[in-house]
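Residue numbers (UniProt numbering): 1 to 240.
All residues carry an ideal CB built from backbone N, CA and C; glycine is no exception.
These figures come from a predicted structure and were not determined experimentally.
One structure is given below, encoded as structure tokens.
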């Protein structure tokens, strides 16, 4: 459900190609029309199977995916795309807006989660943020801290001789921390750059992911690399 807004939306300076996966025809028609009116290209899929096929074969900047879909639900669509190596940013729309619901969406590989009802202006702003981040130039293709290595191109993470398996969100979290190795990374920095939240959603989503990441990169190794800086944030560094 989209709520109307009296705010006039400016024409976008950069065209995006979007895929709307939404089974409610009225909502889908509204979104396609609204995105096109501000200068973007918007395709539509009415169920999860069609959406997965289009997302996997098309070159989209952002996917806008309803969570409850016929044939294949939205989280399954995102999970399959991530398993296939498709990292196109995905924003989940859902009437399920509780904390646990949002966490499930993020853990499934979603990049943002917007509960219904929502204002189109907010949806547009979030989609534009996802598109800018995804299209930004990469300064480096790999990072190394001590014996921990991350390769952005092959999506490979290893510590010493042991290859580590990370979920998409864990990979992005580690990538950001390693990019800023030796620096304190605050909660706000993580929310804005890994989750694209420009506010604190008051969830423990960061704590959950940091704990899972720490268990994978530090557990069983003599020297911990991921440190909690009390009252400040987190830091990846080589040494105590």
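Query - Residues near residue 123 in its chain [Cβ-Cβ closer than 7 Å; skip 5 each side] - result: Translated into positions along the chain shown, residue 123 becomes position 123. Cβ neighbours of residue 123 beyond the five flanking positions: 114.
Query raised in the report: Taking C-beta to C-beta, are residue 150 and residue 209 nearer than 8 Å?
Result: To locate residue 150, count along the chain shown from 1; it is residue 150. To locate residue 209, count along the chain shown from 1; it is residue 209. No, they are not a contact pair.
Query raised in the report: Does the stretch 90 to 97 come close enough to the stretch 58 to 65 to have 3 or more Cβ pairs within less than 8 Å?
Result: yes
Query - Sequence-distant residues of its chain with Cβ nearer than 7 Å to residue 236 (five each side left out) - result: Start at 1 with the first residue of the chain shown, and residue 236 comes out as number 236. Excluding residues within five positions, the ones whose Cβ falls inside 7 Å are 145, 177, 178, 181, 225 and 226.
Query raised in the report: Pick from 22, 48 and 49: whose alpha carbon is nearest that of residue 42?
Result: Here residue 42 refers to the residue found at position 42 when the chain shown is read from its first residue. Nearest option by C-alpha distance: 22.
Report task. Kindly indicate which three-state DSSP category residue 137 falls into: helix, strand or coil? Result -> Position 137 of the chain shown holds residue 137. At residue 137 the pLDDT is 41, less than 50, meaning the model places this residue with poor confidence and gives no usable figure here.
Query - CA-to-CA distance, residue 102 to residue 204, given in whole angstroms - result: Sequence index remark: in the chain shown, residue 204 carries index 204 (1-based). Sequence index remark: in the chain shown, residue 102 carries index 102 (1-based). The straight-line gap from Cα to Cα measures roughly 11 Å.
Query raised in the report: When DSSP builds the beta bridges, which residues end up paired with residue 148?
Result: By one-based count along the chain shown, residue 148 stands at place 148. Its beta-bridge partners are 145 and 159.
**Report entry** Beta-bridge pairing of residue 233 - partner residues as DSSP gives them
**Finding:** Working through the chain shown from its first residue, we reach residue 233 at position 233. Looking at the DSSP assignment, residue 233 forms a beta bridge with 229.
**Report entry** Environment of residue 117 [buried if 16+ CB atoms lie within 10 Å]
**Finding:** Stepping through the chain shown from its first residue, residue 117 is reached at position 117. Exposed, since its Cβ has fewer than 16 Cβ neighbours within 10 Å.
Query raised in the report: Which residue comes first and which comes last in the alpha helix (DSSP H) that contains residue 207?
Result: For this step, residue 207 is matched to residue 207 along the chain shown. Element bounds for residue 207: 205 to 217.
Query - residue 156 and residue 147 closer than 8 Å at C-beta - result: By one-based count along the chain shown, residue 156 stands at place 156. By one-based count along the chain shown, residue 147 stands at place 147. Cβ atoms of residue 156 and residue 147: not closer than 8 Å.
Query - Chain-order list of residues whose beta-carbon lies under 6 Å from that of residue 17 (same chain, five-residue window excluded) - result: Mapped onto the chain shown, residue 17 falls at position 17. So the list reads 41, 60 and 61, once near-sequence residues are dropped.
**Report entry** For residue 216 and residue 153, believed in contact at Cβ under 8 Å, the rounded distance
**Finding:** Here residue 153 is taken as the residue at index 153 of the chain shown, counted from 1. Here residue 216 is taken as the residue at index 216 of the chain shown, counted from 1. The beta-carbon separation of residue 153 and residue 216, rounded to 20 Å, does not stay under the 8 Å limit for a contact.
**Report entry** Euclidean distance between Cα positions of residue 24 and residue 127
**Finding:** Numbered from its first residue, the chain shown carries residue 24 at position 24. Numbered from its first residue, the chain shown carries residue 127 at position 127. Cα to Cα, the separation comes out at about 20 Å.
Query raised in the report: Excluding the five sequence neighbours on either side, which residues of its own chain have a C-beta within less than 8 Å of the C-beta of residue 15, listed in chain order?
Result: Your numbering for residue 15 matches position 15 in the chain shown. Here the set comprises 39, 40 and 41.
Query raised in the report: With respect to the beta strand (DSSP E) encompassing residue 153, which residues constitute its N-terminal and C-terminal limits?
Result: For the purposes of this step, residue 153 is taken as residue 153 along the chain shown, with counting starting at 1. Segment: none, residue 153 is in no beta strand (DSSP E) and carries neither H nor E.
**Report entry** Cβ-based burial, residue 184 [other Cβ within 10 Å; buried from 16]
**Finding:** For the purposes of this step, residue 184 is identified with residue 184 of the chain shown, where counting begins at 1. Residue 184 is exposed by the Cβ-count criterion.
Requested in this report: Measure the C-alpha to C-alpha separation of residue 219 and residue 163 and round it to an integer number of angstroms.
Outcome: Here residue 219 corresponds to residue number 219 of the chain shown, with the count starting at 1. Here residue 163 corresponds to residue number 163 of the chain shown, with the count starting at 1. Roughly 13 Å between the two C-alpha positions.
Query raised in the report: From this set, 121, 191, 86 and 82, which residue's C-alpha is nearest residue 34's C-alpha?
Result: Walking along the chain shown from the start, residue 34 turns up at place 34. For the residues 121, 191, 86 and 82, the minimum Cα distance to residue 34 belongs to 121.
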